[in-house]
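Visitor: The structure that follows is given in the form of structure tokens.
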Ligand SMILES: NC(=O)NCCC[C@H](N)C(=O)O
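Residue numbers (the working numbering): 2 to 407.
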């Protein structure tokens, strides 16, 4: 089994990257929720229980679950790599003073790699560190409680990177709140024995200046990738990804979905996910005519771009060469149920095999509609996890899916 192979959204899931929510959620307070992209504060113990249920279901259905924090700890076991990582991490956390950086390093010195990783993810409060040689900025009482911000969105492993074919995009995140997440992935990709020197391709790199997030990247089949051009994902990043894919893979087309630039349409997978060969869940708001751009491979280094305005079902039928497709509406078309369930990521399903999906239990109207359409639904508890505004697809980064036969 290759370390990475993703040629669809629905092939049987065999290996997946998760992050178990941890101390970062306990460092959320109302004052900074908006900036940290949360609408509420989850209760950690229950969030962890719900997440463990999610992981068990994936395992019981044949997927190996690997945790971001474990892979990162493996990598930080090497002292030289740890030193380099900490330098970059502190820099990206906005630590400018030499004295503070040194004191932070001392703080981490006696921690095991796993403790250090969990601490970096959780954030570091000002009262945790004694600074030897401080600057005015380090000690001035400006009421801001952190030297290092918490990273509460880490359990949405879908976004900082995305696997396509035998490679991945390591993403430049759109917001400061999530920027450092892909630094962990970069170090894992470059240094972890599971990935390094395995011939894996890099379709996009976080050092590029344009943002892209994995929630916008959907692998429809082994030729076509759909990418949302959204609040989070820029046209420049999409084009660069397309060019790299066309140069070095079997992918031939990138379908760019132009999304409204608003939080309700945060990522393509917020409004639309694939659940079977010809079935999709959708936010009712994307059913009508959509503006899409088809980027196609023309030659090794040339592309052409075509603009079309078509209803979603037409786009998908044409792209996948299907006689018909079924769009299953979040909330089954009821205006209140769809508003409520869309808020809790009712359209954000994770397919673990063709026609088998993991969803949140609270979206029971959408789940019923899926079942009526012949989809097997495995619903997980979701009281706390849903408060971060992402569903089962957002909470998972598939590394390996079995090929599907079309
Ligand atoms: N793919 C996704 O839609 N991920 C959900 C991310 C939610 C997170 N609070 C965010 O705003 O980035």
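Glycine included, C-beta positions come from ideal geometry on N, C-alpha and C.
List the residues that DSSP assigns as beta-bridge partners of residue 282.
Guide: Answer is 274, 329.
Visitor: May I have the straight-line CA-CA distance separating residue 127 from residue 135, to the nearest angstrom?
Guide: Computed Cα separation, rounded: 12 angstroms.
Visitor: What are the uninterrupted segments assigned as alpha helix (DSSP H) that are 4 or more residues long and contained completely in the segment 178-230, given in chain order?
Guide: Segments of the alpha helix (DSSP H) lying fully in the segment 178-230: 182-192.
Visitor: Whole angstroms are fine: how far does the CA of residue 193 sit from the CA of residue 162?
Guide: Their backbone Cα atoms lie some 15 angstroms apart in a straight line.
Visitor: Going by the beta-carbon positions, is the gap between residue 15 and residue 64 smaller than 8 angstroms?
Guide: Going by C-beta atoms, residue 15 is nearer than 8 angstroms to residue 64.
Visitor: Could you check what DSSP says for residue 6 in three-state terms: helix, strand or coil?
Guide: DSSP places residue 6 in strand when its eight states are reduced to three.
Visitor: I'd like the ranges of any beta strand (DSSP E) spanning at least 3 consecutive residues and lying wholly in the segment 309-359.
Guide: Taking only runs of at least 3 residues, the beta strand (DSSP E) segments lying wholly in the segment 309-359 are 327-330, 351-354.
Visitor: Below 8 angstroms between beta carbons: does that hold for residue 366 and residue 335?
Guide: Result yes, Cβ atoms of residue 366 and residue 335 sit closer than 8 angstroms.
Visitor: Take every Cβ of the segment 67-83, pair it with every Cβ of the segment 97-104, and state whether three or more of those distances are shorter than 8 angstroms.
Guide: The segment 67-83 vs the segment 97-104: no contact.
Visitor: Considering only residues of the same chain and omitting the five flanking positions on each side of residue 405, which have a CB-CB separation below 7 angstroms?
Guide: Hits under 7 angstroms: 9, 11, 12, 355.
Visitor: To the nearest angstrom, how far is it from the Cα of residue 387 to the Cα of residue 82?
Guide: Taking the straight line from one Cα to the other gives about 35 angstroms.
Visitor: In the DSSP output, which residue or residues are listed as bridge partners for residue 243?
Guide: Answer by DSSP bridge pairing: none, since residue 243 is not bridged.
Visitor: By the 10 Å Cβ neighbour count, where 16 or more other Cβ atoms means buried, how is residue 394 classified, buried or exposed?
Guide: With 16 or more Cβ atoms within 10 Å of its Cβ, residue 394 is classed as buried.
Visitor: Which residues does DSSP list as the beta-bridge partners of residue 34?
Guide: Partner(s): none; residue 34 has no beta bridge.
Visitor: Does the Cβ-Cβ distance between residue 258 and residue 293 come in under 8 angstroms?
Guide: Taking 8 angstroms as the Cβ cut-off, residue 258 and residue 293 qualify as a contacting pair.
Visitor: Does the distance from the C-beta atom of residue 328 to that of residue 314 stay below 8 angstroms?
Guide: In this structure, residue 314 lies closer than 8 angstroms to residue 328 by Cβ.
Visitor: Quick check on the DSSP output: the alpha helix (DSSP H) that includes residue 86 runs from which residue to which?
Guide: Residue 86 -> alpha helix (DSSP H) spans 80-93.
Visitor: Do the CB positions of residue 23 and residue 119 come within less than 8 angstroms of each other?
Guide: Cβ distance < 8 angstroms, so residue 23 and residue 119 count as in contact.
Visitor: Mark residue 324 as exposed unless 16 or more other C-beta atoms lie within 10 angstroms of its C-beta, in which case mark it buried.
Guide: So residue 324 ends up on the exposed side.
Visitor: Looking at the structure shown, is residue 109 part of a helix, part of a strand, or coil, going by DSSP?
Guide: Reduced to three states, the DSSP call for residue 109 is helix.
Visitor: Does the distance from the C-beta atom of residue 213 to that of residue 170 stay below 8 angstroms?
Guide: It is a contact, given that the beta carbons lie within the stated cut-off.
Visitor: Looking only at C-alpha atoms, which of 93, 167, 397, 84 sits nearest to residue 109?
Guide: Checked all of 93, 167, 397, 84; the closest Cα to residue 109 is 84.
Visitor: Whole angstroms is fine: what's the gap from residue 43's alpha carbon to residue 124's?
Guide: Their backbone Cα atoms lie some 17 angstroms apart in a straight line.
Visitor: Across which residues does DSSP place residue 1 in a beta bridge pair?
Guide: With the chain represented from 2 up to 407, any question about residue 1 goes unanswered, as that position is not in the structure.
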